[in-house]
Structure formats: structure tokens, C-alpha cells
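Everything on this sheet refers to the single structure shown next.
Number of protein chains: 2
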Amino acid sequence: MPDHPVVERFIAYLREKNLPVTAQRLAIAEVLLASDRHLSAEEVARELTAAGRPVGTATVYRTIDTLLASGLLVHHEHLVCAHCGRVEEFRDERLERMTTIVAESRGFARQRHRLVIHGVCRDCQRGGGR
Amino acid sequence: MPDHPVVERFIAYLREKNLPVTAQRLAIAEVLLASDRHLSAEEVARELTAAGRPVGTATVYRTIDTLLASGLLVHHEHLVCAHCGRVEEFRDERLERMTTIVAESRGFARQRHRLVIHGVCRDCQRGGGR
DNA sequence: ATAAATGCAAAGGGTTTGCAAAGGC
DNA sequence: GCCTTTGCAAACCCTTTGCATTTAT
Chain E
1 MPDHPVVERF
11 IAYLREKNLP
21 VTAQRLAIAE
31 VLLASDRHLS
41 AEEVARELTA
51 AGRPVGTATV
61 YRTIDTLLAS
71 GLLVHHEHLV
81 CAHCGRVEEF
91 RDERLERMTT
101 IVAESRGFAR
111 QRHRLVIHGV
121 CRDCQRGGGR
Chain D
1 MPDHPVVERF
11 IAYLREKNLP
21 VTAQRLAIAE
31 VLLASDRHLS
41 AEEVARELTA
51 AGRPVGTATV
61 YRTIDTLLAS
71 GLLVHHEHLV
81 CAHCGRVEEF
91 RDERLERMTT
101 IVAESRGFAR
111 QRHRLVIHGV
121 CRDCQRGGGR
């Protein structure tokens, strides 16, 4: 398991902030930064525990905060299929910009946002799905 | 407490759909449709119970669904101040349209969405806050 | 009479927290 | 050694659900 360059950057960030570089933090960063699909905190914890590098869910949440603060991890929008439950993640610059504009138009300095869109996915639309 | 015209429309909707016109439904509709600020289900239940027209939270949730289905109530976006906790609600057509477009571009038939923007409100920005 | 709505309390999911124990620096 | 992180379980928030009871029609 070669250290991804992003993980190196996380280490650098931790050092810079004088935060302990722990095995858990690195393990969680590895999994989170490498995966392209959606992972729940539970999944991350389970996956790592199965791989012999046990971490608790609380630690996953705490590390996600740190990764977000470092800028190495970014929030995604979520698309949830109301029929089969599938969750798809994506990023959209325009949406991001629009939330900033909308927040500012109401006097808020935007920090972050959370968007979940519910709908029916392609598969389920054509009679398929669970 | 004069029956707001919107409540009349809710009654019409219920009749049209052959749904029972209950005291709870009307009470909840009154509070929800009259208020301009954000009310949690708990708040609605508490407020009505205090006013001598007790309703359970479950019923509030169920009635919200009905009101949404009727089109008399619409979802709002939320702006949450990270500093003082204030919650501001608003609607934005453009945002709404964009979520539809974005969902469709990924093969999803959009049904609804939930957006929460976190930031710092005007008051808290200028040293104010809590 | 019948079908639906209600209320309660339990269950659920996703996340946070308190505190003793472990571990980085 | 000091200070932070970790892990666990409990606490939390918000919402849904199961089921016996009440109610509109």
C-alpha cells in the first residue's frame, strides 16, 4: 500500500499544525482520499478494522473534520434514489458558487453546505431497481 | 383565529382527495402556513398543545407530508449561522431549477432536495453574536 | 360500519460527546 | 511527562414506524 501523495500532504498538514500523526488518521485518510465512491463513516471503520487496522467510528468523524479543515477533502452533493436507495456523489462548481451567492445575498458568509437530492435513478425509472 | 384562506384551500384539498378533515390537520396547517419563520415539528406540537389543541409530533410530520403533497407547503433551503445558531429559511427558484438539471444530468428524476448552508450571519460577522 | 388518522413509545439513521486509557511528541 | 487522540458507549437530533385506540365520513 504505497503512500498516496495526498496522504503525504495530510502528514505535512498535521506536522504544520502540530497535530499528532497517528496510525488511525493516516489509515482513514488513505481510504477516504483513495475512494471515489461514497463511504459512510461506518464503512470506513469496518473496512479498516477488517484490514487489521481497527478504528472507531468516532475517530472517523473526527478525522473527516480534520481532513476538511486541511482542504484535502471536500464535501460532495448527494443523489439518493428513493427506490433502490443507491447513493451517488458528485461535485458541481456551479452549485457551489450559487450557494455562496445565495448565502451572501442574505448577509451570510458561507462556510460549507450540504445538499441531498432525492429522486429516482435511471435503472429504477425503467421498471428495474430493487 | 379566523380561518386563513390557505387553510380553506387545504380543506378543499382534503375533501377532493377524500381524506378526513381532522382538527389536528387544520390546527397544524394553520400554524405552519401562517408562520414565516422556521418551526420544527416539535415546536408545532408544543405550541398547539400549549394552546389547548394537543397534537403529537408524528402527526405533525404526517401532516407536513400531506401539505407538501397538496402543494400548499413548499420546502425551503436553510441557512444556519455557525456562530449564534440562528436558522433562516428561504426559497430560491434558480437553486431549485439547478438541482433538477443536475439530477437529470445524472439520470435521476428529481423529486425533492434538502439544502443546508452553514455560514456566519451578518450580526455575528461584526463582532456580535450570541 | 368502515377505512383512515391519531398518539404513544419504540426503533432508526447518522452524528456528537464524556471520560478513562493509550499514544505521539 | 504533557497534551492530544482514541475508543467505547451513551447521548442526541430528527424522523419514521407499529399498533391499539379514536374519529371522520
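Chains as they are written, first to last, in our numbering: chain E, 1 to 130; chain D, 1 to 130.
Glycine included, every Cβ here is placed at the ideal spot set by N, Cα and C.
For D:ARG114, the uninterrupted beta strand (DSSP E) run begins and ends at 109-120, by DSSP.
Within chain D, the C-beta atoms nearer than 7 Å to that of E:GLY107 come from CYS121, ARG122, in chain order. E:LEU26 carries a helical assignment under DSSP once its states are collapsed to helix, strand and coil.
Secondary structure of D:LEU79 (DSSP, three-state): strand. Between E:MET98 and D:LEU95, the gap from beta carbon to beta carbon is short of 8 Å. Under the three-state reduction of DSSP output, E:VAL55 falls in the coil class, being neither helix nor strand.
Between the alpha carbons of D:HIS4 and E:GLU47 lies a gap of roughly 55 Å. In the structure shown, D:VAL21 adopts coil according to DSSP, grouped into three states. Where D:VAL74 is concerned, there is no enclosing alpha helix (DSSP H), because DSSP gives it neither an H nor an E. Annotation for D:LEU14: VAL21 place their beta carbon closer than 6 Å to its own, counting only its chain and skipping 5 residues before and after. E:LEU79 sits away from E:GLU93, with the two beta carbons spaced by 8 Å or more. Note that the C-beta distance between D:VAL7 and D:LEU33 is below 8 Å. When the five nearest sequence neighbours on each side are left out, the beta carbons in the same chain lying within less than 7 Å of the beta carbon of E:GLU42 are those of THR57, in order along the chain. Taking C-beta separations shorter than 7 Å and ignoring five residues to either side along the sequence, the partners of E:ARG9 in its chain run LEU72, following chain order. Sequence-distant Cβ neighbours of D:ARG53 in its own chain, meaning closer than 6 Å and more than five residues away, are ALA27.
For E:LEU39, no alpha helix (DSSP H) run applies, since DSSP gives it neither H nor E.
According to the DSSP assignment, E:SER105 belongs to the alpha helix (DSSP H) that extends over 93-105. Taking the Cα positions, D:GLN111 is about 14 Å away from E:GLY85.
Counting along the chain, E:ARG9 sits inside the alpha helix (DSSP H) bounded by residues 5-16. At least one beta carbon of chain E lies nearer than 8 Å to the beta carbon of D:HIS118. Taking the Cα of E:ILE117 as reference, the smallest distance to any Cα among D:SER105, D:HIS118, D:ARG126, D:SER70 is reached at D:SER105.
A Cβ-Cβ separation of about 6 Å places D:ALA29 in contact with D:LEU67 under the 8 Å criterion. D:HIS113 is positioned such that its CB atom lies no closer than 8 Å to that of D:PHE90.
Taken atom to atom, the span from the alpha-carbon of D:ALA45 to that of D:LEU19 is near 21 Å.
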